[in-house]
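First residue of the sequence shown? That's 1 in UniProt numbering, and the numbers climb one at a time after it.
No residue lacks a Cβ here, since even glycine has one placed at the ideal position from N, Cα and C.
None of the values given here were measured: they were computed from a predicted structure.
Please read the structure below before turning to the comments.
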Amino acid sequence: MASKPIQALIEQLQIHQSLPQEYVQPQKIQIQAAAGGAQIPVLDLSEFTSSAAAGGKEEFLRELDQACREWGAFQVINHGVPKDILQGMRNAAKHFYDVPVEEKMKYFVTVFDGRPMRYSTSFDSSRDVILEWKDVLRIPAEASALEADSVWPAKEHLPRDAVNSYGGRINDFVSVLLEAMTESLELPAGYLNEELAGRERILAMNFYPPCPDPNQAIGLGAHSDATALTVIVQNQVNGLQLFHKDHQWVTVKMLPEALLVNLGDQLQIISNGRYHSVEHRAVVNKEKLRISVATLIGPAKSSSIAPAPQLVDKTHPALYKPVVFKDYLLNYIKLGLNTRGALQTITTAKTEAQN
1 MASKPIQALI EQLQIHQSLP QEYVQPQKIQ IQAAAGGAQI PVLDLSEFTS
51 SAAAGGKEEF LRELDQACRE WGAFQVINHG VPKDILQGMR NAAKHFYDVP
101 VEEKMKYFVT VFDGRPMRYS TSFDSSRDVI LEWKDVLRIP AEASALEADS
151 VWPAKEHLPR DAVNSYGGRI NDFVSVLLEA MTESLELPAG YLNEELAGRE
201 RILAMNFYPP CPDPNQAIGL GAHSDATALT VIVQNQVNGL QLFHKDHQWV
251 TVKMLPEALL VNLGDQLQII SNGRYHSVEH RAVVNKEKLR ISVATLIGPA
301 KSSSIAPAPQ LVDKTHPALY KPVVFKDYLL NYIKLGLNTR GALQTITTAK
351 TEAQN
């Protein structure tokens, strides 16, 4: 169990310059060089939203469909979130990181539970035998003035206006993107937005400090997200890797003002396996702090999620059993970062027969 953030180890490591044993990953998990050739698709959302781009809309939907099938991830440009809002969120995350560790310890927890605000290290430091080289602050993506004091850090520790502005803009972006996915799946208008009505939105600020031995450590273990999709913005330090269907890890080279979208398990379920959640991990480096801000978008916890009826027929039987999102989350947390573990528990016999 980790009783303190990685930040608290930095001074010690500057003296000893060695990776503590509790962070040394098994040989089979230690990071090998990722493939350098393939790169994830880049989509221009203005081709979908602009009335002047009628001919481009069909091409955008084709590219979106292909990206969701082949990658489960893509970058988006011309997404409608202003540059100053993106930079404000990056600055807010860095502001929290720069707060002295002793002041942040009042937010620090070691148990992965349901509290709305959680500053922690690793995935679940109460259970992880080997720890990830990461600290994370998880909070609601938006909060009213009345809510903020109980679900966010103090005003002096986190610039609240910047976080709220970013959260609202990302929610607008997600609504447009879900409508585009609805069209690419040939579902009734509004289908995915209705499935995710009252959606859960969690903001995770991930901090990956410089690591004394990045080849033996990992920032975030391989997994797919339990949610429907994740929207990511980061500082200009790369480290996210996606597992491509050609069985290779690919390092994402983020465009400066783009948003990265990762599909999660709930969209794989709703699309009946037509789209797939992406397996991903984060690697660390020896010189630079990496900050990644991820907005995790999921259904309301009480929602029952199942394959869309329009995507199920004799040729395409249901691959997943209906599941209440809250139950799925509990099982996901119980299994830990066990790639596809929670998804496998709701697969049907027809899914297994196809594999």
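State the DSSP-derived secondary structure class of residue i, mapped to helix, strand or coil.
i           : result
residue 218 : coil
residue 7   : helix
residue 298 : strand
residue 156 : coil
residue 347 : strand
residue 169 : helix
residue 206 : strand
residue 112 : coil
residue 78  : coil
residue 291 : strand
residue 211 : coil
residue 39  : coil
residue 101 : helix
residue 334 : helix
residue 275 : coil
residue 85  : helix
residue 235 : coil
residue 49  : helix
residue 150 : helix
residue 90  : helix
State yes or no: is the C-beta of residue i within less than 9 angstroms of the C-beta of residue j?
i           : j           : result
residue 267 : residue 204 : no
residue 243 : residue 278 : yes
residue 319 : residue 264 : no
residue 195 : residue 83  : no
residue 328 : residue 305 : yes
residue 343 : residue 270 : no
residue 180 : residue 259 : no
residue 193 : residue 232 : no
residue 106 : residue 122 : no
residue 173 : residue 280 : no
residue 151 : residue 89  : no
residue 100 : residue 67  : no
residue 301 : residue 323 : no
residue 81  : residue 169 : yes
residue 96  : residue 157 : yes
residue 356 : residue 176 : Residue 356 lies beyond the stretch modelled for the chain, which goes from 1 to 355, so this question has no answer here.
residue 91  : residue 136 : no
residue 185 : residue 311 : yes
residue 155 : residue 291 : no
Alpha carbon to alpha carbon, what distance is there between residue j and residue i?
i           : j           : result
residue 144 : residue 160 : 10 angstroms
residue 274 : residue 69  : 6 angstroms
residue 293 : residue 190 : 27 angstroms
residue 215 : residue 131 : 14 angstroms
residue 317 : residue 65  : 20 angstroms
residue 25  : residue 238 : 21 angstroms
residue 166 : residue 76  : 16 angstroms
residue 337 : residue 224 : 8 angstroms
residue 314 : residue 171 : 36 angstroms
residue 142 : residue 178 : 19 angstroms
residue 110 : residue 138 : 13 angstroms
residue 220 : residue 188 : 37 angstroms
residue 285 : residue 213 : 8 angstroms
residue 113 : residue 340 : 21 angstroms
residue 288 : residue 236 : 10 angstroms
residue 330 : residue 307 : 20 angstroms
residue 353 : residue 115 : Summary for residue 353: the model assigns pLDDT 46, below 50, so the residue's position carries little reliability; its value from the coordinates is reported in the next sentence. Whole-angstrom Cα-Cα distance: 40 angstroms.
residue 202 : residue 56  : 33 angstroms
residue 118 : residue 183 : 36 angstroms
Would you mind sorting residue i into buried or exposed? The rule is 16 or more other CB atoms within 10 Å of its CB.
i           : result
residue 120 : buried
residue 355 : Confidence in residue 355 is poor, its pLDDT being 47 and thus under 50, which makes the residue's placement unreliable; the coordinate value appears in the next sentence. The residue in question, residue 355, is exposed, as its Cβ has fewer than 16 Cβ neighbours within 10 Å.
residue 346 : buried
residue 147 : exposed
residue 209 : buried
residue 217 : buried
residue 234 : buried
residue 17  : exposed
residue 245 : exposed
residue 241 : buried
residue 334 : exposed
residue 299 : buried
residue 198 : exposed
residue 6   : buried
residue 309 : exposed
residue 276 : buried
Which one or two residues does DSSP pair with residue i in a beta bridge?
i           : result
residue 200 : 298
residue 139 : 203
residue 305 : 323
residue 243 : 249
residue 230 : 262, 296
residue 120 : 136
residue 44  : 77
residue 282 : 220, 240
Under 8 angstroms: does the beta carbon of residue i sit that close to some heavy atom of the ligand FMN?
i           : result
residue 279 : Ligands are entirely absent from the displayed structure, and the ligand FMN is therefore not among its contents.
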